[in-house]
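So the structure is just underneath, and the comments pick up after that.
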Amino acid sequence: MKRSIIITGGAGFIGSHVVRLMVNKYPEYRIINVDLLTYAGNLNNLRDIENKPNYRFVRANICDTNTILSLMKEERVDGIIHLAAESHVDRSIKDPVGFATTNILGTISLLQAAKLYWESLPEKYEGKRFYHISTDEVYGALEMTNPEGIESPFTTKASSAHHHAYGTKFFTEDLKYNPHSPYSAAKASSDHFVRAFHDTYGMPTIVTNCSNNYGPYQFPEKLIPLFINNIRHRKPLPVYGKGGNVRDWLYVEDHARAIDLIFHQGKTAETYNIGGFNEWKNIDIIHLLIETVDRKLGRKKGEDESLITYVTDRAGHDLRYAIDSRKLQRELGWEPSLQFEEGIERTVDWYLNNQAWMDNITSGEYEKYYEDMYGNR
Ligand code: NAD
Ligand code: TYD
């Protein structure tokens with residue numbers, strides 16, 4: 176079947192992996208990447224597919240309902256995979272209004288454009304899909320009842336060799352939303368609007384909530400690429416608080432594969448949580464990154480441990496995230512492909528081998544932002 180799909184935020188980190196996967200896997204589809212190219216959008220993330228005949232890039236703001244509506248009509252769009260957002264918690268603490276504008280109003284604007292176009296067609300919503308990509312952060316923070324880690328009751332192929340869980344509770348799809356940061360509050364609100372468009376107008380929507388992603392093309396304000404780059408250049412590693420917060424990490428290509436599967440086979444109006452049962456304390460990941468980068472650069476073991484610099488904790492810093500993805504595994508047969516230790520090897524290799532990609536970003540405006548955040552170090 177031919178499809179015409181808008182992917183919003185396709186020039187960002189996860190979006191670029193989704194665009195690449197869909198363009199390569201479905202030559203018969205039309206894939207339209209709609210991205211405003213904010214600081215986080217980067218067309219260098221898509222050089223390998225930008226000339227494919229089934230791909231089109233359109234620079235546009237999702238808040239601009241009329242532009243999106245015209246594009247949907249022109250391209251006869253029957254599916255939207257919505258990733259465009261402001262995505263960094265620290266920025267949201269500085270600019271909550273900007274986050275509400277993009278993440279909440281931008282999502283409503285996109286929903287409204289889809290509603291106007293699809294309702295104007297004779298078949299209306301039949302064969303259509305609005306797929307909203309959200310985050311596990313909407314559920315809030317889980318307690319850390321086992322600070323030393325216990326053996327995880329559930330594992331996947333992505334689970335680290337240590338198989339730790341730091342508490343007995345996990346985020347399940349039926350959990351009440353309880354966001355704490357302006358970022359997660361804005362994402363939570365956008366999720367509610369997506370469900371409201373299903374319940375009110377009958378739009379065929381779907382929402383997924385994924386854990387922290389890592390891998391190539393991630394903007395170096397996020398923990399893993401920032402720290403790989405800083406270790407390489409022997410810059411301080413700003414660890415928030417004591418480094419004891421727990422995140423659940425998934426390789427970005429496994430998230431993209433889940434998105435492809437759910438877009439095609441997920442049940443309308445359902446929610447699926449995506450994650451690999453792979454919990455890590457920040458400080459343990461940081462030691463692993465130092466060990467891996469030093470080994471690959473031929474430095475002495477432990478040489479860069481001294482870069483660790485404990486800094487003031489993030490305001491409202493969520494203690495623990497841990498996704499229960501058993502519904503997605505059970506109902507759609509999804510299974511991640513890559514164990515965390517292998518994913519980190521690949522990721523470190525990628526950043527070390529793509530220094531030009533990194534340099535292009537870390538010069539100019541971002542450098543200034545980073546200096547404002549942490550001082551000129
Ligand atoms: P990112 O910040 O790397 O990319 C966001 C993209 O959206 C950029 O290309 C940017 O230019 C674009 N964009 C921003 N505002 C826009 C606007 N008004 N109109 C059009 N385009 C706009 O983000 P990411 O990490 O790739 O995250 C993508 C999505 O996945 C987000 O919705 C995020 O909430 C969600 N998510 C991310 C993670 C993660 O670990 N990164 C985990 C779960 C869910
Ligand atoms: P981040 O990559 O910003 O993702 P999120 O906040 O969405 O989980 O941060 C991951 C964890 O690393 C989080 O607990 C905050 C912490 N962190 C630091 O300790 N130092 C840093 O410089 C950054 C960017 C994050």
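Numbering-wise (this note's numbering), the sequence shown opens with residue 176 and increments by one.
Idealized CB from N, CA, C, for every residue including glycine.
Remember, it's a predicted structure, so these values are computed and weren't measured experimentally.
Query, Result
"Considering only residues of the same chain and omitting the five flanking positions on each side of T331, which have a CB-CB separation below 8 Å?", "G451, F452, N453, S500, Q504, E510, P511"
"Distance, Cα to Cα, G416 vs D265?", "14 Å"
"Is the CB-CB distance between A260 and N278 below 7 Å?", "yes"
"Over the uninterrupted beta strand (DSSP E) stretch that includes K475, give me the two end residues.", "Note, K475: premise wrong, no beta strand (DSSP E); not H, not E."
"Would you say the beta carbon of G273 is closer than 6 Å to some non-hydrogen atom of ligand 1?", "no"
"As a quick exercise: from V198, I255, A371, Y392, pick the residue whose alpha carbon is nearest that of I182.", "I255"
"Could you spell out the range, first to last residue, of the alpha helix (DSSP H) harbouring Y230?", "First-last for Y230: 230-234, but that is the beta strand (DSSP E), not the alpha helix (DSSP H)."
"Which runs of the alpha helix (DSSP H) at least 4 residues long sit entirely within the segment 272-305? Give them in chain order.", "281-294"
"Excluding the 5 residues preceding and the 5 following N457 in the sequence, name in chain order all residues of the same chain whose CB lies nearer than 6 Å to its CB.", "G418, N420"
"Name, in chain order, the residues that DSSP records as bridge partners for I381.", "Y306"
"First and last residue of the alpha helix (DSSP H) that includes H192?", "188-200"
"Cβ-heavy atom distance between I237 and ligand 1 below 6 Å?", "yes"
"So within the segment 347-423, which uninterrupted alpha helix (DSSP H) runs reach at least 4 residues, ignoring any that extend past its ends?", "357-376, 398-407"
"Looking at the secondary structure, which residues open and close the beta strand (DSSP E) in which N208 lies?", "205-210"
"Does the distance from the C-beta atom of A363 to that of V313 stay below 7 Å?", "yes"
"Quick one: what's L425 bridged to in DSSP?", "N388"
"What do you get for L286, buried or exposed, if any count of 16 or more other CB atoms within 10 angstroms of its CB means buried?", "buried"
"Based on DSSP bridge pairs, tell me the residues matched to K456.", "V421"
"Label M197 either buried or exposed according to how many other C-beta atoms from any shown protein chain fall within 10 Å of its C-beta, with 16 as the threshold for buried.", "buried"
"Helix, strand or coil: which one does DSSP assign to R495?", "strand"
"Rounding to the nearest angstrom, what Cα-Cα distance links S284 and A360 in this structure?", "18 Å"
"With DSSP run on the structure shown, which of helix, strand or coil describes A444?", "coil"
"Report, in whole angstroms, the separation of the C-beta atoms of D366 and Y496, which I expect to be a contact under 8 Å.", "Contact doesn't hold; Cβ gap of about 16 Å is too wide."
"Put H339 into one of helix, strand or coil per three-state DSSP.", "strand"
"In three-state terms, what does DSSP make of G185?", "coil"
"Confirm the yes/no value for this check: CB of K456, any heavy atom of ligand 3, distance under 6 Å.", "This structure simply doesn't include ligand 3; it includes ligand 1 and ligand 2 instead."
"What is the DSSP secondary structure of A518, reduced to helix, strand or coil?", "In the sequence on display, residue 518 carries Gly and not Ala. It is helical."
"Can you find at least 3 beta carbon pairs, one from the segment 320-331 and one from the segment 342-354, that sit closer than 8 Å?", "yes"
"Is V252 near A431, with beta carbons less than 7 Å apart?", "no"
"What span of residues does the beta strand (DSSP E) with T484 cover, start to end?", "483-486"
"So what does DSSP say about E312, is it helix, strand or coil?", "helix"
"Alpha carbon to alpha carbon, what distance is there between I536 and E225?", "19 Å"
"Along the chain, where does the alpha helix (DSSP H) that runs through I268 open and close?", "264-269"
"On the premise that W455 lies in contact with S335, defined as a C-beta separation below 8 Å, what is that separation, rounded to the nearest angstrom?", "7 Å"
"Using DSSP bridges, identify the partner residues of E326.", "H339"
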